[in-house]
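Some notes on the structure that comes next.
In the working numbering, the protein residues as written are 172 to 549.
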């Protein structure tokens, strides 16, 4: 089936006893056994739950993977992926990534004996040099990156990891499997903060990991059960409901983002603009070759901190909040919000200044979004 069909029927045909079109919410913690040594396939909801399983099987099918596991948050999902590594292992990691990921790596990854080499993963030469350093066991790429929206060449990096027998993990939160399927380009695990576009309504917290093959899937399911940071049945149902409209939502998100980006690139109040949907963006060609769209996150730099403050206090349609991917357009100040945990040296190296804003373009009328930005930028 085509992707749109898989999404529209997410969770359907899962309850033959009643014929329910909407997957029921199974809130039971335990399940009765038919007899000694027999099971319905469900014993205890930490291990498996019918509602969560419907979600996981839908995502595995959508992504083209063997197994998906749903977690309580995107960071819990990423932490599960990191459990594939052992003390002494090194990972090459996208240098400008979500601040919560940086915190997880630096505060807890290093505590477990892992080491991280941060590089610009849109620079293939820099990545290959890093991959050949001693004790490197994996590559973690966020693409497009956050907040500078740099695009990694997944096919080239996937081939490099395969050649070196390295685990390749891609955080595909900004694009979702509707726009890009990293497993098709050599990734072993794909990670999502499903809170964002997959959930799409700013009403749930969730994470997902999809494994390319059955062996990785079994290891992932073991971690999910052993650690227990699972997604509950109600949130699983909410996410299934959200998937049904993912295709039409992302199309509208992308259309709005391109209109807003074209407005911003011509505005004299914008000093730098980052959006791979523009042909002038360095990542445009690469992303065009590996995705069906460019997402709806835009970053921009204005002339001063004072201008940032006036924008944040002056917007009427956009809302000042630090998430993304919902129907409401949001504006975020990465320096003090999403990336506050980066040390000062890292912020300076990346160019994460007090003049940078990140926009999550929602589903409103594009003219209203442009009108709001016109007022606060002028």
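Cβ coordinates follow ideal geometry from the N, Cα and C atoms, glycine included.
Since this is a predicted model, take the numbers as computed values, not measurements.
Hey, residue 315 and residue 345: beta-carbon distance below 8 Å or not? Result yes, Cβ atoms of residue 315 and residue 345 sit closer than 8 Å.
Closer than 8 Å by C-beta to residue 450: which residues in its own chain qualify, once you throw out the five before and the five after it? Chain order, please. none
Nearest-angstrom beta carbon gap, residue 546 and residue 458 [assumed within contact, 8 Å]: That belief does not hold up - the Cβ atoms of residue 458 and residue 546 are roughly 31 Å apart, past 8 Å.
Based on the DSSP output, what are the partners of residue 265 in its beta bridges? 290
With a 10 Å radius around its C-beta and 16 neighbouring C-beta atoms as the bar for buried, classify residue 343 as buried or exposed. Buried is the call here.
When we look at the beta-carbon of residue 419 and count the other beta-carbons within 10 Å, is it buried (16 or more) or exposed? exposed
How far does the alpha helix (DSSP H) with residue 327 in it reach, from first residue to last? Start and end: 325-335.
Rounded to a whole number of angstroms, what is the C-alpha to C-alpha distance between residue 474 and residue 439? 10 Å
Is the Cβ-Cβ distance between residue 509 and residue 472 less than 8 Å? No, the pair does not count as a contact, with Cβ atoms beyond the cut-off.
Compute the distance between the beta-carbons of residue 280 and residue 363, then report whether it is under 8 Å. no
Buried or exposed for residue 270, please, with buried defined as at least 16 other CB atoms from any protein chain shown within 10 angstroms of its CB. Buried, by the Cβ-count rule.
Is the distance from the Cβ of residue 432 to the Cβ of residue 469 below 8 Å? yes
Neighbourhood of residue 217 by C-beta distance below 8 Å, restricted to the same chain and skipping five residues each side: When the five nearest sequence neighbours on each side are left out, the beta carbons in the same chain lying within less than 8 Å of the beta carbon of residue 217 are those of 396, 399 and 401, in order along the chain.
Please classify residue 526 as buried or exposed, where buried requires at least 16 other C-beta atoms within 10 Å of its C-beta. buried
Contact between the region 376-392 and the region 221-241: three or more CB pairs below 8 Å? yes
Other residues of its chain near residue 237: CB distance less than 6 Å, five sequence neighbours each side excluded: 382, 384, 385 and 388
Please classify residue 533 as buried or exposed, where buried requires at least 16 neighbouring CB atoms within 10 angstroms. buried
Go ahead and pull the three-state DSSP assignment for residue 342. strand
Among 222, 258, 215 and 211, the one whose alpha carbon lies nearest that of residue 412: That would be 222, whose Cα lies nearest to the Cα of residue 412.
When you compare the CB positions of residue 502 and residue 540, do they come within less than 8 Å of one another, or not? no
Helix, strand or coil at residue 242 [DSSP, three-state]: strand
Per DSSP, which one or two residues make a beta bridge with residue 313? For residue 313, which the question treats as bridged, DSSP gives the partners 342.
Give me whichever residues DSSP pairs with residue 361 in a beta bridge. 341 and 381
For residue 408, tell me which candidate among 224, 202, 319 and 174 has the shortest Cα-Cα distance. 224
By the three-class DSSP mapping on this structure, what secondary structure does residue 213 have? Three-state DSSP puts residue 213 in coil, outside helix and strand.
Do residue 429 and residue 436 count as a contact pair if the criterion is CB distance below 8 Å? no
Can you give me the start and stop residues for the alpha helix (DSSP H) that residue 544 sits inside? For residue 544, the enclosing alpha helix (DSSP H) covers residues 537-548.
Check residue 488 in the structure and name its three-state DSSP category. coil
For residue 307, does the three-state DSSP call read helix, strand or coil? strand
According to DSSP, which residues form a beta bridge with residue 531? 468 and 501
Could you work out which residue in 522, 375, 266 and 229 is closest to residue 496 when comparing CA atoms only? 375
Could you tell me how far apart the beta carbons of residue 291 and residue 266 are, in whole angstroms, since I believe they sit closer than 8 Å? 6 Å
Residue 443 by DSSP, collapsed to three states: which one? strand
Quick check: the Cα distance between residue 367 and residue 373, rounded to an integer number of angstroms? 7 Å
How would you call residue 461, buried or exposed, if buried means at least 16 neighbouring beta carbons within 10 angstroms? Classification of residue 461: buried, given that the 10 Å Cβ count is 16 or more.
Roughly how many whole angstroms lie between the Cα atoms of residue 441 and residue 477? 14 Å
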